[in-house]
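Asker:
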Amino acid sequence: MELDNSFYALVALVIFIAMALYFGIPRIVGKMLDGQIQKIADELAQAKKLREEAAALLVEYEQKRVAAEAEAQGIIAAAQDEATRLAAEAQASLAELVTRRTKAVEDKIAQAEAQAIGEVRARSADLAVEAARLVLTDEMNKKGGQVVDKAIADVAGRLN
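Residues in the sequence shown are numbered consecutively from 1, following my numbering.
1) Taking the alpha helix (DSSP H) that Leu-13 belongs to, which residues open and close that run?
2) Just to confirm before moving on: does the CB-CB distance between Pro-26 and Ala-18 stay below 9 Å?
3) Using the Cα positions of Lys-48 and Val-59, report the straight-line distance between them to the nearest angstrom.
4) Can you grab the Cα-Cα spacing for the pair Ala-77 / Leu-57, in whole Å?
5) Using the C-alpha atoms, what's the distance from Leu-97 back to Leu-86?
6) Please report the distance separating the alpha-carbon of Glu-106 from that of Ser-124.
7) With a floor of 3 residues, list each beta strand (DSSP E) that falls wholly inside the region 95-133, ordered by position along the chain.
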């Protein structure tokens with residue numbers, strides 16, 4: 001009886017499987033696979049936990065972004081209100097300044113007019129006095145002798 005190589009291969013396989021079972025290789029491989037399964041399960045749990053934390057952070061940052069946008073809008077509105085108020089104050093201040101300057105200029109003009117009128121009156125009075133002096137001098141030169149003679153005669157007549 002000639003035994004075929006397949007028979008020897010079958011016997012070797014049966015011996016190998018028997019030895020593997022005897023030494024507990026399936027148990028060792030099972031423990032290794034269980035360890036890998038547990039490791040993968042832990043990694044999945046960790047990934048799920050990290051995903052939940054990331055989602056919570058995303059919600060928190062979205063809320064902070066909305067709050068920051070609202071605060072920025074508030075700051076912009078306050079700045080616009082402040083700019084409007086400052087512009088109104090500047091306008092009022094400018095109007096007051098123009099009014100004060102106009103009054104000051106009007107006062108200076110009135111003072112200059114009064115001074116000019118005073119100078120004209122003084123000059124007119126000086127000219128009138130000078131004209132009167134010239135007229136009287138001229139009159140005295142023309143009729144001066146007669147007036148003096150008459151005045152002397154008048155005084156002499158009164159004394160007698």
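Ideal placement from N, C-alpha and C gives every residue a C-beta, glycine not left out.
Answerer: Let's see:
1) 5-23
2) no
3) 17 Å
4) 30 Å
5) 16 Å
6) 26 Å
7) none
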